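Chemist: Protein chains in written order, with the numbering used here: chain W, 1 to 387; chain R, 1 to 387.
1. Given a cut-off of 8 Å on the beta-carbon distance, is the pair residue 117 of chain R and residue 127 of chain R in contact?
2. With a Cβ-Cβ cutoff of 8 Å, do residue 323 of chain W and residue 186 of chain R count as a contact?
3. Would you mind telling me which residues of chain W sit closer than 8 Å to residue 295 of chain R, beta carbon to beta carbon, in chain order?
4. How big is the Cα-Cα spacing for residue 308 of chain R and residue 223 of chain R?
5. In or out: residue 286 of chain W buried (at least 16 other Cβ within 10 Å) or exposed?
6. Could you tell me the distance, in whole angstroms, from the CA atom of residue 37 of chain W to the CA atom of residue 47 of chain W?
7. Does any residue of chain W bring its CB to less than 8 Å from the CB of residue 42 of chain R?
8. So, is the C-beta of residue 31 of chain R closer than 8 Å to a C-beta in chain W?
9. CB residue 42 of chain W to CB residue 210 of chain R, shorter than 8 Å?
10. Nearest chain R C-beta to residue 163 of chain W closer than 8 Å, yes or no?
11. Runs of 3 residues minimum, wholly inside the segment 177-214 of chain R: which ones carry the beta strand (DSSP E) assignment?
12. Please return the same chain residues whose Cβ sits closer than 6 Å to the Cβ of residue 58 of chain W, not counting the five positions on each side in sequence.
13. Under the three-state reduction of DSSP, which class applies to residue 1 of chain R: helix, strand or coil?
14. Can you give me the C-alpha to C-alpha distance between residue 176 of chain R and residue 73 of chain R, rounded to a whole angstrom?
15. Identify each residue in the segment 79-94 of chain R for which the Cβ-Cβ distance to at least one residue of chain W is less than 7 Å, and report them in chain order.
16. To the nearest angstrom, report how far apart residue 183 of chain W and residue 346 of chain R are at their CA atoms.
17. Establish whether the CB of residue 99 of chain W and some CB of chain R are separated by less than 8 Å.
18. For the alpha helix (DSSP H) that residue 243 of chain W lies in, which residues bound it at each end?
19. Considering only DSSP beta bridges, list what residue 326 of chain W is partnered with.
20. Rounded C-beta distance between residue 135 of chain W and residue 304 of chain R? I'm assuming under 8 Å.
21. Quick check on the burial criterion: 16 or more other C-beta atoms within 10 angstroms. Buried or exposed for residue 385 of chain W?
22. Do you know how far the Cα of residue 90 of chain W is from the Cα of residue 276 of chain R?
23. In the DSSP assignment, what residue or residues form a beta bridge with residue 41 of chain W?
24. Could you check whether the Cβ of residue 248 of chain R sits closer than 8 Å to any Cβ belonging to chain W?
25. When the Cα of residue 389 of chain W is compared with those of W/387, W/197, W/80 and W/145, which residue comes out closest?
26. Count the other C-beta atoms from every protein chain shown that fall within 10 angstroms of the C-beta of residue 376 of chain W, then say buried if there are 16 or more, exposed otherwise.
27. Going by CA-CA distance only, name the one from R/123, R/315, R/63 and R/262 that's closest to residue 241 of chain R.
28. Could you tell me if residue 106 of chain W is buried or exposed, where buried requires 16 or more neighbouring beta carbons within 10 angstroms of its beta carbon?
29. In or out: residue 28 of chain R buried (at least 16 other Cβ within 10 Å) or exposed?
30. What do you get for residue 111 of chain R, buried or exposed, if any count of 16 or more other CB atoms within 10 angstroms of its CB means buried?
31. Counting C-beta neighbours from all protein chains within 10 Å, is the total for residue 335 of chain W 16 or more, i.e. buried, or is it exposed?
32. Taking just the CA atoms, how far does residue 290 of chain W sit from residue 254 of chain R?
33. Under a three-way DSSP split, which group does residue 344 of chain R fall into?
34. Let me confirm a value: residue 163 of chain W is counted as buried when at least 16 other C-beta atoms fall within 10 Å, else exposed. Which label applies?
35. Using a 10 Å radius around the Cβ and a threshold of 16 neighbouring Cβ atoms, would you call residue 195 of chain W buried or exposed?
36. Can you list, in chain order, the residues of its chain with a C-beta nearer than 7 Å to that of residue 229 of chain R? Leave out the 5 residues immediately preceding and following it.
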């Protein structure tokens, strides 16, 4: 497949496909993907680029020239999928509308990621992840009720729309096996985040409620929250009456189990703040996380420490799960550790097969093998700075 | 495909597949999916269940009985995919290990979602979404630096692991077209959230930094933040020097453009807090969101209002994008509005084909058509309360 995307959303889409065996050819402009300059840098090269573009091949192509466009057309004729995340309309202006793509390759699957989608009044507006987080309602339900809205730390608008496009591409490929027909896929960051708002949306559309921010509390379960320990913080949830009773025993407050204020989950939700939270935190703040984990998780109650990025990255569970891959990056000149694939296929390789491509690294082989150019033609394109 | 999942993660996975044409048979226990009791309720029935299970068929099966197991085996023999999100080991104890599934159907694709994955020291621990948010590092980078960590509002650990499993299933189906072989898929909530932490992780693994919470600021771009207006709040980002200069003109502060403290993006990042933020907010708080949108978005600068759930749900852009589907739910007895699919396939239907199934609704047709039971056999199963 041809990957004309850059930055995060599109390259994250094709990363998943490349990780599981797709032959992804990254097509960069003469100056390269903008994220080649993004930190963290190591030895002057972007580890960000190295992470998100592992397992891909790379060519460079000047799509403003006629020869560059011709090369792209010849590539499109011989691939299954094309995807891009240009501003809406840009690829079409370059001469590559869906109709044109279908002329070149009737079975083509063409996927786009954009901020607001290909139609609607906002289609042509620029979008950042934070704009999609703001407009989807996500920020309005993230944070503490007495404080300003806050975005989710990771750029979910970017990475989730990339993941949805990857899913759409795989659906379209499988459907094509049955129908022989290609597909036009259109994923928007705003749609994406709206679609993962779960019961917040139907609370409004069905019950007329407008949910707000609740910190770490679940409106339907109590106790379910974050709490302070002597040496850090943790989360815990008692989703059943049995967990609640077990928890009361752990904290030496069997008297709470049958207290009318806390007898059922509905009672506990109603009376959680401020009293029950205070009882729990007065207790938990006397213990270390190690002690609390032994007591709470030991009793089978869902429990998790709030880990920082270092602690999470060094977690034994994630090591066993191979969630960090080691890859030698030739540009950086060192082995770096980058997040692996979360889709575990048993019996398959679970590692990076190759490092991210240097700019134009595979110009010659890709143009020869996939587009059918001769070495002489490729030499001429090089001399003219088309590639 | 057979869907033995319940609650949110698994049903969200199969919802995406059902939305795009997969024949999903939801297999429920005698008491039904736990989310049949989850709010919001309407006319005594769960709109949550109705939302997440549209487009699926449903049967009821007591897997604790030998006749129930036999029926499941006969179904497995005739489907492409089986997925479940039981506690790790539960499905195997019921007699359905992957090896057993392969005996029944050598081409089967078998997917599981769990909190921590099928192996590793935490495999058997119970997990809630918030536990995965805590342990992945996500909470440590969400919120304001001077305040407690906070989880992202939506349950990304659930819905994203469901989306990853849907992607894995489609990859495996497509690969099977080439290889003829099935697949064992294993997706964990913790892996999932760790995998979407983007540059936070490589900042640590490559550069040795441990990123913390930064509210709505992007560490690499300034100004890029949320701000107060006269009548609400909005986000805005100036990702280029041109946007910055345009913005200075909008606020009537051309003098800032070339001030040494703000000349380059690096300067602006360094000197954003507290001074530049105060300058912007002193200005923005004099205007309404309507006025600010006209000025800022009108100049082509990425801008978004922070919308609440009602405002987001009523957004014209999302209406045009068909991000809310209307479906008549027979249990509720009314038309309800539920979030649609974010994967837009042009020229395909973009609506719910059918409502969520009532408990056991398709027992007879599914057992007859897919498992090959006779009506008499099905009558007997009914009489024995196996279905």
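Backbone N, C-alpha and C define an ideal beta-carbon position, used for all residues, glycine too.
Since the model is a prediction, treat every value here as computed from it, not as a measurement.
Modeler: Short version:
1. no
2. no
3. Simply none; closest approach about 14 Å.
4. 23 Å
5. exposed
6. One alpha carbon belongs to residue 37 of chain W, the other to residue 47 of chain W, and they sit about 9 Å apart.
7. yes
8. With 8 Å as the cut-off, residue 31 of chain R does not count as an interface residue toward chain W.
9. no
10. By this cut-off, residue 163 of chain W is an interface position.
11. 183-188
12. Closer than 6 Å at Cβ, skipping near neighbours: 26, 357, 361 and 362.
13. coil
14. 21 Å
15. none
16. 7 Å
17. By this cut-off, residue 99 of chain W is not an interface position.
18. 241-250
19. W/337
20. Rounded to the nearest angstrom, the Cβ distance from residue 135 of chain W to residue 304 of chain R is 5 Å, consistent with a contact under 8 Å.
21. Burial call: exposed.
22. 34 Å
23. Paired residues: W/46.
24. no
25. Because residue 389 of chain W is not part of the residues shown, which for chain W are 1 to 387, the question remains open.
26. exposed
27. R/262
28. exposed
29. buried
30. buried
31. exposed
32. The C-alpha of residue 290 of chain W is placed about 56 Å away from the C-alpha of residue 254 of chain R.
33. strand
34. It is buried - the Cβ of residue 163 of chain W has at least 16 other Cβ atoms within 10 Å.
35. buried
36. The residues are 284, 285, 287, 288, 289 and 292.
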